[in-house]
Each structure stands twice: as structure tokens, then as C-alpha cells.
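Engineer: Quick one: structure below, then a few questions.
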Amino acid sequence: MALTIKQQLSSPGGILKFLVKHNTIFIFVLLVIFSALISDVFFTSVNLSNLLKQVSGIGIISIGMLLVILTGGIDLSVGSMVALLAVTFAILVNMVILPVAILLTIIIGFSLGSVAGYLVAFQKMAPFVATLALMTIARGLGFIYSKGSPITFKTPGGEFMSNFANNSTIGIPNIAIVFFLIVIVAMVMLRYNVFGRLIIAIGSNEEASRLSGIKVNKYKFLVYAISGALAATAAIIVASRTNLGSPNMGMAWELDAIAAVVIGGASLNGGKGTAINTLMGVLILGLIGNILNLLNVPSYPQQVVKGAIIIFAVLLQRFDSK
Numbered sequence: 001m002a003l004t005i006k007q008q009l010s011s012p013g014g015i016l017k018f019l020v021k022h023n024t025i026f027i028f029v030l031l032v033i034f035s036a037l038i039s040d041v042f043f044t045s046v047n048l049s050n051l052l053k054q055v056s057g058i059g060i061i062s063i064g065m066l067l068v069i070l071t072g073g074i075d076l077s078v079g080s081m082v083a084l085l086a087v088t089f090a091i092l093v094n095m096v097i098l099p100v101a102i103l104l105t106i107i108i109g110f111s112l113g114s115v116a117g118y119l120v121a122f123q124k125m126a127p128f129v130a131t132l133a134l135m136t137i138a139r140g141l142g143f144i145y146s147k148g149s150p151i152t153f154k155t156p157g158g159e160f161m162s163n164f165a166n167n168s169t170i171g172i173p174n175i176a177i178v179f180f181l182i183v184i185v186a187m188v189m190l191r192y193n194v195f196g197r198l199i200i201a202i203g204s205n206e207e208a209s210r211l212s213g214i215k216v217n218k219y220k221f222l223v224y225a226i227s228g229a230l231a232a233t234a235a236i237i238v239a240s241r242t243n244l245g246s247p248n249m250g251m252a253w254e255l256d257a258i259a260a261v262v263i264g265g266a267s268l269n270g271g272k273g274t275a276i277n278t279l280m281g282v283l284i285l286g287l288i289g290n291i292l293n294l295l296n297v298p299s300y301p302q303q304v305v306k307g308a309i310i311i312f313a314v315l316l317q318r319f320d321s322k
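Taking UniProt numbering, the leading residue of the sequence shown gets 1, the next gets one more, and so forth.
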């Protein structure tokens, strides 16, 4: 491996190609260095803990988005599903015991994702259209069930979840640990599990996969269902952090998730992307927001910066593919 890297760096334009190929890691390292230079509070435990807490919810749905994008699809519904499922969890946690509330919320999320998966895989509806429709429906249902107002946790189970979401283990926020565990599972699945290899194959060449006997529709259906289940997990975390479920949660999270996956080097055409790079993409987005907050930059310019970085990341992908 060392010889290969040495050969890459010694070839014409090798250093530039090497930097482009591993751009996600280099951007992350540069942002960490820049953050440390501009603020003496960046490396404090409080700031790093807040950073991890802020990115964990988006990070979890980004893993679901990665699976969908690997098949060549897109899921615009995840942000609205977070809102609906946060409201759902808040209602359930006030009605039933905590384990049942968690299980039912995840099952509902899986079922909602299954609706999108069915429309895309078996009804051949364009992923953009199917998930856009589900996005609108989910947000509307969130407002209907909550009557437009946040629903507060009022039971010991809700108090337990709030304590869990706002506390840490060995200095790492509990919700960040949940996120990291999901990343590890996705990483192992995509690299070593048949399911992961097949969804990458489908995204690389769907027709060839179908001709080779792979049940393409089944796997496309499943990635949307898994994305829904991960949206439910993120909803539980977000609702627990604030001790309530609100239909306003998850606004534009689908865009942040797509941005994280793209910044992590995944191709929107499918077949290319890794869980570890998506983790880096999530952290890069979080670092950008953290840096701009430390510099007291208002939220609107932050959106401009994020958009510019997405364009830059896509251009790097094109350069790398040449």
C-alpha cells in the first residue's frame, strides 16, 4: 500500500490527483486546523460535545440517504418524516411504556419508508416525485396529529430518554454513540455483507444486475424502508434532546443529508459511496456551521457557504473521474 501511494505521488500530477481522491479527509483536517486557529474554545469539551450532538440526528438520516443514493435514488421525505415521527414518539411515550414507544416509532418509520420504496421499486415512480409527495404528506400529518403545537414528554419514560439524549458516556454524547454505531453497522454491511454489495451493484448498473438474477426491486424497496427506520431513530433522538415532539423539526434536513453524502464523495448516479466518507461529510457540515457560529455569522450566509461547498464537492468528483 505504501509503495502504491508513493507511486501515485511521484507520477505527473500525482499529488493533485491524490488530494482530489481523498479530498473529504483533507477538507475535514483543514477545517479542524482552521477552527482551532480562529477560536480558542473550539477544542473545549463543551464545544465538541455540542458539535457532536448537533450533527447526530442529521448524521443518522444521512446514512439512510447514502443507502438510497447508492441505488441511484433519492429520498426527499426524511426531514418531514423526522417531524412526523418526533410527534408520533412524543404521543406514544405519553401513552405506553418506553420500549414499546421506541419500537412502534421505528416500525412506523419503516412502514413510511416502505411506501416510498413500493412506489419507486414496484410502481416505477421517479424517486424525486414519490419522496416529494411523501415529504408533503408527512409534514402535513405531523401538524394534524400535533394540532400545530409541540407535544411535551410527561412520563418517566420520556424523562429517561431526555436524560439519555443530553448526557454523555466516557465524554462522548450518548446520541453521538448511537450515530457512530449506525455508521459502523453501515460500513460493515456495505463492505462485507451481501446486501451492501448488491445495492452498490444495482447503483453501478441496474440492468446488468437484473440480468444477473438480482431482485432489483426488492433491494430498492428495502433501502427506502431502512431510510424510514433511520429517520425514526433520528426523530427519537431529536425529540428526546428537546423533551418534546414538534412538527417543525427536521426542516430542510433532507438537503443537509444529501449534502453530507455528496461531500463524502458519493455519486448521485449511484454505485459509489462509503459510510465512513458520509460520516466525514456530516462532520464537515457540522464544522462549517460550528466555525460560522463561533464567528457570529448569521444563519442565511451559512446556507450560501453550504451550497458553495456542495458545488465544489461535485466538481471534485468530476475531476476525480477523469
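Beta carbons: idealized from backbone N, C-alpha and C, even for Gly.
Buried or exposed for N269, please, with buried defined as at least 16 other CB atoms from any protein chain shown within 10 angstroms of its CB.
Structural biologist: Exposed: under 16 other Cβ atoms inside 10 Å.
Engineer: Helix, strand or coil for T155? Go by DSSP, reduced to three states.
Structural biologist: Here T155 sits in coil by DSSP.
Engineer: Would you mind working out which of S77, P247, G289, I284 sits nearest I263, comparing C-alpha positions?
Structural biologist: Closest option to I263, Cα to Cα, is I284.
Engineer: Considering only the beta carbon of each residue, do V93 and E254 sit closer than 9 Å?
Structural biologist: Contact: no.
Engineer: Go ahead and label M280 buried or exposed: buried means 16 or more other beta carbons lie within 10 angstroms of its beta carbon, across all protein chains shown.
Structural biologist: When all chains shown are included, M280 counts as buried.
Engineer: Give the straight-line distance between the Cα atoms of S80 and E159, rounded to the nearest whole angstrom.
Structural biologist: Each residue's alpha carbon lies about 25 Å from the other.
Engineer: Can you tell me where the alpha helix (DSSP H) holding A208 begins and where it ends?
Structural biologist: Where A208 is concerned, the enclosing alpha helix (DSSP H) stretches over 206–211.
Engineer: Quick one: Cα of L3 to Cα of G213, how far?
Structural biologist: Confidence in L3 is poor, its pLDDT being 47 and thus under 50, which makes the residue's placement unreliable; the coordinate value appears in the next sentence. Their backbone Cα atoms lie some 39 Å apart in a straight line.
Engineer: By Cβ distance, which residues of its chain are closer than 8 Å to F195, with the 5 residues on each side in sequence left out?
Structural biologist: Once the five neighbours on either side are set aside, the close Cβ partners of F195 are M189, Y219, L222.
Engineer: Take S62 as the anchor and find which of G271, T242, G228, I151 has the nearest alpha-carbon.
Structural biologist: Of G271, T242, G228, I151, the residue nearest in Cα terms is G228.
Engineer: Any idea what DSSP makes of L295, helix, strand or coil?
Structural biologist: Here L295 sits in coil by DSSP.
Engineer: Does the region 49–62 come into contact with the region 117–132, if we say contact requires no fewer than three beta-carbon pairs (one atom in each stretch) closer than 8 Å?
Structural biologist: Because the criterion of three Cβ pairs below 8 Å is not met, the region 49–62 and the region 117–132 do not touch.
Engineer: For M187, which of F312, M95, T278, A257 has the nearest alpha-carbon?
Structural biologist: The shortest C-alpha separation from M187 is found at T278.
Engineer: Let me know if A313 comes out buried or exposed under the rule of 16 or more other beta-carbons within 10 Å of its beta-carbon.
Structural biologist: Burial call: buried.
Engineer: Return yes when the C-beta of F179 is under 8 Å from any heavy atom of the ligand ADP, and no when it is not.
Structural biologist: The ligand ADP is not part of this structure, which contains no ligands at all.
Engineer: Who pairs with P173 in a beta bridge, going by DSSP?
Structural biologist: Bridge partners of P173: S168.
Engineer: So which of L30, A83, S162 has the shortest CA-CA distance to R241?
Structural biologist: With distances taken between Cα atoms, R241 lies closest to S162.
Engineer: If we ignore side chains and look at the alpha-carbon of each, how far apart do G140 and I33 end up?
Structural biologist: Between G140 and I33, the C-alpha separation is close to 43 Å.
Engineer: Determine whether the beta carbon atoms of L85 and T105 lie at a separation below 9 Å.
Structural biologist: Yes. Within cutoff.
Engineer: Quick one: what's got a C-beta closer than 7 Å to N23's C-beta in the same chain, skipping five residues either side?
Structural biologist: The residues are L316.
Engineer: Just verifying my parser: in three-state terms, what is the DSSP assignment at L134?
Structural biologist: Of the three classes helix, strand and coil, the one that applies to L134 here is helix, per DSSP.
Engineer: May I ask which residues mark the beginning and end of the alpha helix (DSSP H) holding S240?
Structural biologist: Per DSSP, S240 belongs to the alpha helix (DSSP H) from 216–242.
Engineer: Please look up how many angstroms separate the CB atoms of I175 and V87, rounded, as I've assumed it's under 8 Å.
Structural biologist: That pair is no contact at about 19 Å.
Engineer: Can you list, in chain order, the residues of its chain whose CB lies under 8 Å from that of residue 323, leaving out five sequence neighbours each side?
Structural biologist: The first residue shown for the chain is 1 and the last is 322, placing residue 323 beyond what the model contains.
Engineer: Find the nearest neighbour of I172 within the set Y300, S45, F26, A308, judged by alpha-carbon distance.
Structural biologist: Nearest of Y300, S45, F26, A308 to I172, Cα basis: S45.
Engineer: Do the CB positions of M249 and A239 come within less than 9 Å of each other?
Structural biologist: Closer than 9 Å, so yes.
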